[in-house]
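Everything below concerns the one structure shown next.
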Amino acid sequence: MTKNRVRSLFFMICALLMCLSAHAQKYRYQVNGLVQDAITGEGMPVKLYLMTADSIVIDSVSTEAEQDPESGKAIYTGEYSFPGVIEKGHYIVHAVSEGYQDAYMNCELKSKREFYIPVRTIYMYKVHKLKEVTVKATKLKMVIKKDTIVYNADAFNLPEGSMLETLVARLPGAKLTKDGQIYVNGKYVESLLVNGNNFFSGNPMMALENLPAYTVSKIKVFNKAGQKSQMMGQDMGDKVYTMDVRLKKEYATGYMGNFEAGVGTQHRYMTRAFLMKFSDKERIGTYFNMNNLNDNQRARLDGEWSPQDVSDGLTTTKTAGLSYMRPLSTPISWFQSDVTWEHTNDNLVTKTNTQTFLPDGDSYRKAVSNMRNSSTSWQTTNLLILQEDAYYVTSNLAASYKKKTGWGLDNQRDSVHNSLLSRLMESQSNDVKHYGFTFDNSVGWKVLMSDMFGVTGQVYYTRDLNRSLLSSDLQYPTAALPADKRVRYLNTPNQNLKLTAGLHYIWNYRDRSVIPEYKYIYNFNKANNLLYRLDRIGAGPYSLDNLPPSTALMIAGALDGNNTYEYRERRHEHLFNLSYSSLKSLLFGAEFRVGVPVRLLHASLNYERMGMQHISRQRTFFEPMLSLEKQGQWSVRMGMSSDFPEMTLLTTYRDDSNPLYVREGNSKLRDIHKYYVTGNVTFRGQHQQSISLSASYNQTDNAVAYGLQYDKTTSVSHILPVSVNGNWHINGSFNFTRALDKNNRLTIDNNFAAEYRHSVDMAQTLGSTGNERSIVGNVILDNSLKLNYRANDNAEVALHGGVKYYSITSKRTGFEAIHAGDYNVGLNTTLALPCHFQLVTDITVFMRRGYQQAEMNTSDWLWNAQLTRSFFNNHLLAKLQAFDILHQLKSTSYAVNEQGRMETWHNSIPRYVMFSLAWKFNVNPKKK
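Under our numbering, the first residue of the sequence shown is numbered 12, with each subsequent residue one higher.
Shown next as structure tokens:
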């Protein structure tokens, strides 16, 4: 391992020397900036003049524009760049555009170590309303420039009454997951903004579910410069892949609201309200949502929906939120405060079939569970961002509370070779309370004109109070094995405190930076696990509401000493890092970054369980990283990281609190090392063509595997953590988007992903000698294809399909190869009908093949439809929705790893028909 690290360091040094930038002796400093409409935030045609401090014109340019090859229309980005100046000093940028007030912005070349002269964004205000000009042309769905994609919301035929989530799901190259994660061309969108600002503290689900799609003008996807980059005027490596939702002019100022209420069959109902005030001085928003439609899983009509996306079980949700945002001294400085509240009730029925891979014959488990949960949560987030020419400040204060209660029943049967081994019946109830607090702060100052000094700090604290009561009855088919009946009360309070402090200095010389950095992290965990065997002091019945005090239980002898423990864990981390970056290296002119962090880690654990144990580890980890990136074209990243295994696993203990699982610790676990290499390349072309390819390799040395020893007589699993090598996986993806005709009416969107996972674990049956390595190869091929034809504003049709194929193989004796797949094909249609009606429908067949249980190999048709009619100049919308018309929806999932596979079925929302009314309005300020 030492030799490998030396080679890694040598490679980093060689790459550093190779990628040093070359500079001419006489350097011209470009003057770069951006001009936007003050209301819409869009780029515009502007003439700009560069002047000296005495108002003497030096040069003039116009904002950049690209001519779309299909429509011939000029598309303005608002970006501009003057060729450059040589001398230090003050300069003025004068912006002129017809129909707008002239605007001025000062800038300065303070040091000849700067890369270029950044100019703060110029916002231009209209002086009068220009005569409207109607241009008839084909609506382009998207425009691509470098690494920026701009989608035109008006080019999509959406179901009336749609929210932002429906629009995002239809964007070419975009994928929206059921939990609100957004991917564009396979890349994860880290930040979702509305008109350039956070929306409910950057929680994407708030915007996706509550912002009406009809308010959106454009959606811009790009790499947004972070605060360091904005202040320093160049890329400092803090870019964030961002989706910025731009509202139409009529909704960018004033008031807007959207109200909807509906009732349906099967006792379904929903009501929601959304109100927002926008102005240049403040933004206030509030929402309320109540439904029993499994939260956001309404009748999806965009063809991007599958049974696996439905929320498990039946869920009733009530949510509410309030947000206030106020700009401060500059447009990029603001204060925001958000409060959200949520209450949910869940009814979840689960059926699972589990196969555990064993050397001399696999074991099987069938289980059924029925759980009911109720939870209430509250959260507040307060964000302050100050961005000035000479400094920036970011402060975030957040607090949260959650209470959850639940109860359930479980029934499971274990077997080997079709012979029943055991049957377990269990009832449980739980009570959970969670408290959370976070304070983050980061400050940066510009020093010596071109350098920066920064300080960061964080306080993170959580406290959990968990109580659970479990009654179990384990039965065996033979009289030789007696029944095992237990009533267990578990009380597990825990706390976590994390303190972080750091500082860094950025030394710049034009396009090169050297950054020394230090960070200290302190982590403290305190946990108690108090287990009481109530079956030892009486038959009950018991409930969490009428249990005796803990002292009385201990006196009565109910405390299970073998399975009761407490521990205190402390971690001290010192991170020393030196990084170097060059924005224009000699290697392909790409942006080059390298970091050589050294992390000193010390962890100690005081663990009390039938006696005190003290465990301590101290290591020095070298975790280098390297990246090359050509903006908007390609990138390559590589690096490694290391850590200890979970400290509690290093203790000596035997836990048999669960009658079917016996767990032990292992003091011989080794340090974990992870390595990664990733790369991607993007090609742009005419007809809105975008091709993206990506690949990655990940390897884990000394991964913690939970070695399994299975008793085929009692069905008891003995689990021991061990360190294993040989775990790695490789994956790749290919995303293709293009218009197939010259009018951009027919488009294709294809996403293909392939993955191979080489997994290693340990497994054996009781009585065999030693653990046997269980090596499993897992191949996953996933492809989705969508052909979309948009005839005009009144008609659109889409053909969509997908294939996800699994192939699991192993050379282990007795292993049967697994080949299973999920397939789907469907048709989606949006039609405008006479008398202001609109019909939207989607019908899809979902097929499963190759599953172990015959009842899971099904073909299910899912048909959803929606009929709407607008009234009062589109302010009132009547909507009739039908969900799962053919009544064939089933929620089934499949998972496999090196230890086995699991097929799971959940109860799901029943088919229903719902009628609703929606009212929308907007009030614009009066023109002066």
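Using N, Cα and C, we set each Cβ at its ideal position, and we do this for glycine too.
Using the C-alpha atoms, what's the distance from residue j back to residue i?
i, j, result
"Leu141", "Gln112", "At Leu141, the pLDDT of 43 sits below 50, so the modelled position is not reliable and the matter cannot be decided from this model."
"Val942", "Gly100", "Nothing can be reported for residue 942, as the shown portion of the chain is limited to 12 through 939."
"Ala331", "Phe270", "14 Å"
"Ala33", "Leu594", "For Ala33, the pLDDT reaches just 43, beneath the cut-off of 50, and the residue's location in the model is therefore unreliable, leaving the point undetermined."
"Thr940", "Asn677", "The first residue shown for the chain is 12 and the last is 939, placing residue 940 beyond what the model contains."
"Ser430", "Asp451", "57 Å"
"Thr689", "Val605", "15 Å"
"Ala310", "Asp895", "Confidence at Ala310 is low in this model, with a pLDDT of 45, below 50, so the placement of that residue should be treated as unreliable; the coordinate-derived value is given next. Rounded to the nearest angstrom, the two C-alpha atoms are 8 Å apart."
"Leu501", "Gly861", "41 Å"
"Thr852", "Leu891", "12 Å"
"Met29", "Phe603", "Confidence at Met29 is low in this model, with a pLDDT of 49, below 50, so the placement of that residue should be treated as unreliable; the coordinate-derived value is given next. Answer to the nearest angstrom: the Cα atoms are 10 Å apart."
"Ser71", "Ala85", "20 Å"
"Phe346", "Tyr816", "48 Å"
"Arg610", "Ser92", "42 Å"
"Asn935", "Ala378", "59 Å"
"Glu675", "Gln486", "24 Å"
"Ser479", "Leu432", "27 Å"
"His698", "Asn805", "22 Å"
"Leu796", "Val814", "9 Å"
"Glu53", "Ser202", "19 Å"
I'd like to confirm the pairing. Which residues does DSSP put opposite residue i in its beta bridges?
i, result
"Met463", "Lys457 and Ile517"
"Thr695", "Reading the sequence as shown, one finds Arg at residue 695 and not Thr. Ser701, per the DSSP bridge assignment."
"Asn441", "Gly417 and Ser479"
"Pro370", "Partner(s): none; Pro370 has no beta bridge."
"Pro129", "Asn43"
"Ile160", "Ile155 and Val232"
"Glu528", "His515 and Asn588"
"Ile786", "Val771"
"Met382", "Leu359 and Gly419"
"Gln486", "Arg434"
"Met636", "Gly606 and Gly650"
Can the beta-carbon of residue i be found closer than 9 Å to that of residue j?
i, j, result
"Val924", "Ala893", "yes"
"Arg102", "Val96", "Looking at the sequence shown, residue 102 is not Arg but Tyr. Cβ atoms of Tyr102 and Val96: closer than 9 Å."
"Met773", "Ala716", "yes"
"Phe368", "Ser785", "yes"
"Glu580", "Ser524", "no"
"Ile230", "Val179", "yes"
"Lys235", "Met460", "no"
"Asn918", "Thr264", "no"
"Gln439", "Leu420", "yes"
"Ser701", "Thr748", "yes"
"Ser653", "Ile683", "yes"
"Ala284", "Asn300", "yes"
"Tyr40", "Tyr162", "no"
"Asn214", "Thr693", "no"
"Ala512", "Gly465", "no"
Using 8 Å as the cut-off, can you tell me whether the stretch 563 to 571 makes contact with the stretch 517 to 530, which would need three or more C-beta pairs spanning the two stretches below that distance?
Between the stretch 563 to 571 and the stretch 517 to 530, the count of C-beta pairs closer than 8 Å stays below three; the two stretches do not touch.
Within 8 Å, do at least three Cβ pairs link the stretch 216 to 230 to the stretch 169 to 184?
Cβ pair count under 8 Å is three or more, so yes.
At which residue ranges does the stretch 536 to 622 contain complete alpha helix (DSSP H) runs of 4 or more residues, listed in the order of the chain?
Qualifying alpha helix (DSSP H) stretches, in chain order: 561 to 566.
Measuring CB atoms only, is the stretch 341 to 349 touching the stretch 379 to 387, in the sense that at least three cross pairs come out at less than 8 Å?
Counting C-beta pairs closer than 8 Å gives fewer than three between the stretch 341 to 349 and the stretch 379 to 387, which falls short of the contact rule.
Given 8 Å, three or more beta-carbon pairs between the stretch 764 to 773 and the stretch 736 to 747:
Cβ pair count under 8 Å is three or more, so yes.
I'd like the ranges of any alpha helix (DSSP H) spanning at least 4 consecutive residues and lying wholly in the stretch 194 to 235.
For the stretch 194 to 235, the full-length alpha helix (DSSP H) segments reaching 4 residues or more read 215 to 221 along the chain.
Is the stretch 126 to 141 touching the stretch 153 to 169, taking contact as three or more C-beta pairs under 8 Å?
Counting Cβ pairs under 8 Å, fewer than three are found: no touch.
Going residue by residue through the stretch 640 to 684, where are the continuous beta strand (DSSP E) segments of at least 3 residues, counting only ones entirely within it?
645 to 654, 665 to 669 and 672 to 675, all fully within the stretch 640 to 684.
Between the stretch 745 to 758 and the stretch 727 to 736, are three or more C-beta pairs nearer than 8 Å?
Contact check between the stretch 745 to 758 and the stretch 727 to 736: fewer than three CB pairs, one atom from each, fall below 8 Å, which does not count as touching.
Tell me, please, whether the stretch 619 to 628 touches the stretch 583 to 594 by the rule of three or more beta-carbon pairs shorter than 8 Å.
Not touching, per the Cβ criterion.
I'd like to know if the stretch 473 to 483 and the stretch 238 to 256 are in contact, where contact means that at least 3 CB-CB pairs between them fall below 8 Å.
The stretch 473 to 483 vs the stretch 238 to 256: no contact.
Is the stretch 493 to 512 in contact with the stretch 531 to 543, if contact means three or more CB pairs nearer than 8 Å?
By the Cβ test, the stretch 493 to 512 is in contact with the stretch 531 to 543, since at least three Cβ pairs between them sit closer than 8 Å.
Runs of beta strand (DSSP E) wholly within the stretch 836 to 907 (minimum 3 residues, chain order):
With a minimum length of 3 residues, the continuous beta strand (DSSP E) runs that stay inside the stretch 836 to 907 are 848 to 860, 870 to 882, 887 to 894 and 902 to 907.
Can you find at least 3 beta carbon pairs, one from the stretch 546 to 554 and one from the stretch 596 to 605, that sit closer than 8 Å?
At 8 Å Cβ cutoff, the stretches do not touch.
Runs of beta strand (DSSP E) wholly within the stretch 46 to 122 (minimum 3 residues, chain order)
For the stretch 46 to 122, whole beta strand (DSSP E) runs of length 3 or above, ordered along the chain, are 58 to 63, 68 to 73, 76 to 78, 85 to 87, 90 to 96, 100 to 107 and 114 to 120.
Does the stretch 874 to 882 come close enough to the stretch 818 to 835 that 3 or more CB-CB pairs lie under 8 Å?
Segments in contact, no.
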